[in-house]
Every structure is written in structure tokens, then in C-alpha cells.
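A short write-up of the structure that comes next.
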Amino acid sequence: MKLDYRAFGLALLVCSASANTAAGATTEEQNSAEAQPQAGAQPAMTELSAATGVDYSAGHYGAASDTTVWNIPLDIKAQLGRVRLQASLPYTFIKGPGHLVGGVVVADPSGKVTARSGVGDLNLSAAYMLVREQGALPTIELSGSVKLPTAKSSIGTGKTDYALSASVYKSLTSNVMLFGSLGYSWLTSPAAYRLENGITASGGINFRPAQNQNYGVSIAYREPVAIGLRGQAVVSPYMTYRVSKLWGLTLYGLAGLNDASPRIGAGLRLTIFG
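Residue numbers are given in numbering that gives the first Met the number 0: position 208 of the sequence shown equals residue 207, and the series is strictly consecutive.
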């Protein structure tokens with residue numbers, strides 16, 4: 000059985016979204032895995048999909064009390080051969096002393112607990128499969144994203160951020176694949192504080208026991224978003240089940256690897272394929 004990378008892209012997309020919220024250093028290659036054809040095959044023809052669900056994370060992030068974040072996202076994706084276009088807009092609920100900064104949670108030094116909600120920032124991304132896996136050569140993909148400030152100031156920074164990354168995918172056997180990415184993000188500082196640009200890195204392994212099932216784990220890291228803070232790192236197990244040609248289900252968990260990361264998180268996605 001050969002790996003079809005598209006079969007587990009749904010799970011990887013969800014894990015990437017969760018890592019953005021939790022660690023800022025995301026597995027961007029997870030967003031594109033669904034678009035990758037099996038080794039030696041031609042790229043997929045045009046395919047459209049829409050997804051929604053819920054994401055949850057909680058952690059101290061160096062503060063005395065938890066900050067909890069709930070997201071209800073709307074994700075739209077178009078796969079056009081080697082090209083993938085994506086847009087994601089969440090509705091966000093936050094409670095605690097933390098604030099979303101550059102896609103990650105940073106504790107307020109005052110420790111004041113507040114609750115707020117509203118439409119989050121709009122994330123747009125595009126990716127191109129530069130090389131398709133063939134023999135010893137892995138699949139290589141280049142991607143870029145921009146975060147537009149559609150959220151109010153209590154939810155986001157009110158600034159535009161950018162990111163670029165390169166991702167690789169390599170089959171070990173007919174049902175096991177390794178994936179990884181290396182990228183860089185540029186954060187625009189608001190008036191209140193200065194943010195730091197930084198490197199993002201990630202990797203993981205995917206196991207596919209059946210054509211419509213995938214199980215795996217990914218790990219992601221991002222350099223500190225501000226001076227004096229630690230980098231955020233998360234590990235995320237996931238599973239995906241393609242129920243039919245029309246829809247699929249993804250579940251994932253999330254655990255932080257240091258006190259600057261979320262302590263715990265989880266989420267699900269329901270995806271409709273056009």
C-alpha cells in the first residue's frame with residue numbers, strides 16, 4: 000500500500016492550527032500534506048474543501064492562573080494541482096491574564112484576569128510543491144502566509160504578520176512517513192510592546208494502517224516572541240478518519256513541553272470535500 004499524503008492532510012492541518020495557537024512554531028508542512036500525491040503519482044486535480052470544529056488550550060504561560068482559549072474556526076482550502084490556497088478565520092474566546100501575540104499566548108505582567116471574545120485574525124496562506132517524491136528524493140514544498148488584523152485589540156495585536164517555510168515529506172515504508180519544516184516569521188510590533196521575529200521548526204511521523212485512517216504525532220517550536228520570554232514548544236498526537244468522499248473527521252491532543260507553552264489542549268475538525 001503506497002502512501003497518499005492527501006489522506007492525512009486533514010489531521011495535519013488541524014495540528015498545525017493548534018500549534019499556531021499554542022506555540023507559534025507550527026508544523027506548516029502539516030497544512031500541505033493533504034495536497035501531496037503518493038510517490039511517482041501526478042499532483043491532485045482541483046479539489047475544494049471547507050472545515051469547522053473547535054480548538055481548546057489552557058496554560059499558565061508564566062502567570063499565576065490559567066489562560067484558556069477556545070476557537071471555532073472556518074477553514075477554506077483550494078488544491079489546484081501543485082498549488083494550495085488556504086484561508087482561516089476563527090471566532091475566539093479568551094479568559095485569563097494572557098493575550099494572543101503573534102499567534103501565541105503571552106501572560107500579562109499585571110496578572111489581571113479578563114474575559115473577551117470576538118472574530119479573530121484572518122490567516123491566508125499559499126504553497127507550491129516544488130519537488131514530488133521520487134525514489135530517494137523527498138517531496139519539497141515552499142509556503143508563505145500572512146495574518147491580517149481582523150480581530151479587535153483585546154483579541155489580537157492589530158498588526159499584520161508574515162511567515163515563510165520550507166517543508167519536506169519522505170515515505171519510509173508503504174504506510175509510514177516522516178515530515179518536517181523550517182521557517183521564519185515576521186511579527187509587527189504594536190505600540191504597547193516590541194515583538195521579535197523568529198525561527199519556527201517542526202517534525203513528525205505519520206502511520207497509515209488503512210486507506211481512510213491516519214495516526215501520528217508532531218512536535219513544533221518557535222523562538223521567543225519577545226525579549227525575556229521563553230520559546231514555546233508543543234507535542235501533538237492526532238488521528239484522522241475519512242468517513243466518505245464527502246467528509247472527514249480529525250481529532251488531536253496537545254501538550255506543552257515547557258511553562259511558556261499550553262499545559263494541555265485538544266480539538267476536532269469536520270471537513271466537507273467538494
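By construction, the Cβ of each residue, glycine as well, lies at the ideal position given by its N, Cα and C atoms. This one's a predicted model, so the numbers in the text were calculated from it and none came from an experiment.
Distance from the Cα of S109 is smallest, within the candidate group T172, R83, G95, for G95.
DSSP, reduced to helix, strand and coil, places H98 within a strand of the structure shown.
Looking at the DSSP output, T45 sits in no beta bridge, so it has no partner there. Secondary structure of P89 (DSSP, three-state): strand.
When rounded, the separation of the alpha-carbon atoms in P189 and H59 is 23 angstroms.
Contact between W185 and Y161 is confirmed by a C-beta separation of about 5 angstroms, below the 8 angstroms threshold. Cβ-Cβ distances below 6 angstroms link A77 to L47, L84 in the same chain, with the five nearest sequence neighbours on each side left out; the list follows chain order. Of all C-beta pairs linking the region 118–138 to the region 244–254, fewer than three are shorter than 8 angstroms, placing the two stretches out of contact. Cβ atoms of G155 and D120 come within 8 angstroms of each other, at about 5 angstroms. When Cβ pairs closer than 8 angstroms are counted between the two stretches, the region 195–205 is seen to touch the region 166–177, the count reaching three or more. Rounded to the nearest angstrom, the gap between the Cα atoms of Y240 and W246 is 9 angstroms. Look at L123 here: in three-state DSSP terms it is strand. Between D258 and P223, the alpha-carbon positions lie close to 13 angstroms from each other.
For T187, no beta strand (DSSP E) run applies, since DSSP gives it neither H nor E. Contiguous beta strand (DSSP E) elements confined to the region 187–245 occur at 197–209, 212–221, 231–241, taking only those with 3 or more residues. At the C-beta level, V100 and L163 stay beyond 8 angstroms of one another. Taken atom to atom, the span from the alpha-carbon of Y90 to that of G117 is near 6 angstroms.
Bridge partners of G247 according to DSSP: R241, T270.
Apart from sequence neighbours up to five positions away, the residues of its chain that approach F92 with a beta-carbon distance below 6 angstroms are W69, S116, ordered along the chain. Looking only at T270, A135, L269, V233, the smallest Cα-Cα distance to V104 is reached by V233. If you look at S116, you'll find it in the beta strand (DSSP E) that goes 113–118.
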